[in-house]
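Undergrad: Yeah, the sequence shown ends on 577 if you go by our numbering, and it's all consecutive.
Quick one: structure below, then a few questions.
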Amino acid sequence: MAQNKDLKNRTRKDYPFILEYRTRCVTYEIALFEKGVEQVKAVGEYVQVFVDRSTQRPNANGMNPQLRDGLEKLHVDTNSSKL
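Take a look at the structure:
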């Protein structure tokens, strides 16, 4: 469910960031900008699911621990989400 949020104060430096990360997936929030304009024009989400190559199913062990540690540093509290 999308919610309208005020995008007036969002700029390029705010994106991309991670809304949520779980054992097997990460949700990124991304934005579109007009060339030469710092203000956000549109916002969307991208979900990345980590799968086992042999089964093409979500990896039972989740993502690599080093990757998870790195993504954790980029995580943003969902209360600040633009969606």
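Glycine residues also receive a C-beta, built at the ideal position from the N, C-alpha and C atoms.
Note that the structure is predicted; figures quoted are calculated from it, not measured.
What is the DSSP secondary structure of Glu539, reduced to helix, strand or coil?
TA: Strand, per DSSP.
Undergrad: With a cut-off of 8 angstroms on the beta carbons, I'd call Val454 and Ala525 a contact; round off their distance for me.
TA: The structure shown does not extend to residue 454, since the chain is modelled only from 495 through 577, so no value can be given for it.
Undergrad: Does the stretch 561-571 touch the stretch 545-552, meaning 3 or more C-beta pairs lie closer than 8 angstroms?
TA: These segments do not touch.
Undergrad: When burial is assigned at 16 or more other CB atoms within 10 Å of the CB, is Leu513 buried or exposed?
TA: Leu513 should be labelled buried.
Undergrad: Going by the beta-carbon positions, is the gap between Glu523 and Val541 smaller than 8 angstroms?
TA: No, the Cβ-Cβ distance between Glu523 and Val541 is not below 8 angstroms.
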